[in-house]
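Visitor: Right, I'll just put the structure down here and ask away after.
Structure representation (C-alpha coordinates):
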(Lines of atoms letter the chains of each structure in order from A; the text may use other names.)
(Lines give C-alpha, C1' and ligand atoms only; values in the text may rest on other atoms or scores of the structure.)
Protein backbone atom coordinates (compact mmCIF):
# COMPACT_ATOMS: atom_id res chain seq x y z
CA UNK A 54 0.00 0.00 0.00
CA UNK A 55 1.37 3.40 -0.90
CA UNK A 56 2.21 5.90 1.81
CA UNK A 57 -0.50 8.25 0.49
CA UNK A 58 -3.15 5.53 0.74
CA UNK A 59 -2.02 4.64 4.26
CA UNK A 60 -2.31 8.28 5.36
CA UNK A 61 -5.81 8.49 3.89
CA UNK A 62 -6.78 5.27 5.67
CA UNK A 63 -5.35 6.55 8.98
CA UNK A 64 -7.11 9.89 8.54
CA UNK A 65 -10.37 8.08 7.81
CA UNK A 66 -10.03 6.05 10.99
CA UNK A 67 -9.31 9.15 13.02
CA UNK A 68 -12.28 10.97 11.51
CA UNK A 69 -14.53 8.00 12.33
CA UNK A 70 -13.18 8.11 15.89
CA UNK A 71 -14.03 11.82 16.16
CA UNK A 72 -17.54 11.31 14.82
CA UNK A 73 -18.12 8.46 17.24
CA UNK A 74 -16.73 10.59 20.06
CA UNK A 75 -19.07 13.45 19.22
CA UNK A 76 -22.04 11.08 19.25
CA UNK A 77 -20.88 9.77 22.64
CA UNK A 78 -20.39 13.33 23.83
CA UNK A 79 -23.97 14.17 22.90
CA UNK A 80 -25.23 11.21 24.93
CA UNK A 81 -23.14 12.19 27.94
CA UNK A 82 -24.46 15.75 27.80
CA UNK A 83 -28.04 14.46 27.61
CA UNK A 84 -27.34 12.33 30.70
CA UNK A 85 -25.82 15.38 32.42
CA UNK A 86 -22.47 13.60 32.85
CA UNK A 87 -20.58 16.87 32.53
CA UNK A 88 -17.10 15.79 33.66
CA UNK A 89 -17.08 12.81 31.32
CA UNK A 90 -18.47 14.98 28.51
CA UNK A 91 -15.67 17.50 29.05
CA UNK A 92 -13.03 14.76 28.81
CA UNK A 93 -14.64 13.43 25.62
CA UNK A 94 -14.78 16.95 24.14
CA UNK A 95 -11.06 17.41 24.81
CA UNK A 96 -10.25 14.08 23.15
CA UNK A 97 -12.29 15.01 20.08
CA UNK A 98 -10.60 18.40 19.90
CA UNK A 99 -7.12 16.84 20.09
CA UNK A 100 -8.02 14.39 17.32
CA UNK A 101 -9.37 17.17 15.12
CA UNK A 102 -6.21 19.22 15.70
CA UNK A 103 -4.08 16.24 14.73
CA UNK A 104 -6.13 15.76 11.55
CA UNK A 105 -5.69 19.44 10.74
CA UNK A 106 -1.91 19.14 11.18
CA UNK A 107 -1.81 16.03 9.00
CA UNK A 108 -3.84 17.76 6.30
CA UNK A 109 -1.54 20.80 6.36
CA UNK A 110 1.55 18.60 6.25
CA UNK A 111 0.13 16.49 3.42
CA UNK A 112 -0.76 19.62 1.47
CA UNK A 113 2.82 20.87 1.78
CA UNK A 114 4.20 17.47 0.72
CA UNK A 115 1.93 17.40 -2.32
CA UNK A 116 3.18 20.84 -3.38
CA UNK A 117 6.78 19.61 -3.16
CA UNK A 118 6.17 16.44 -5.21
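Residue numbers (this note's numbering): 54 to 118.
Even glycine gets a Cβ: it sits at the ideal position worked out from N, Cα and C.
Quick check on residue 68: buried or exposed, where buried means 16 or more other Cβ atoms within 10 Å of its Cβ?
Guide: Counting the other CB atoms within 10 Å of its CB gives residue 68 a total below 16, which places it among the exposed residues.
Visitor: Taking only heavy atoms of the ligand ZN into account, decide whether any of them is closer than 8 Å to the Cβ of residue 110.
Guide: Inclusion of the ligand ZN in the displayed structure is not the case, the ligand content being empty and no account of it being possible.
Visitor: Can you tell me which of 78, 63, 59, 117 puts its alpha carbon nearest to the alpha carbon of residue 97?
Guide: For residue 97, the closest of 78, 63, 59, 117 by C-alpha to C-alpha distance is 78.
Visitor: For a test of the three-state rule: what should DSSP assign to residue 106, helix, strand or coil?
Guide: For residue 106, the three-state secondary structure derived from DSSP is helix.
Visitor: So, helix, strand or coil for residue 77, using DSSP?
Guide: helix
Visitor: Would you kindly work out how many angstroms separate the C-alpha atoms of residue 110 and residue 59, rounded to a whole number?
Guide: 15 Å
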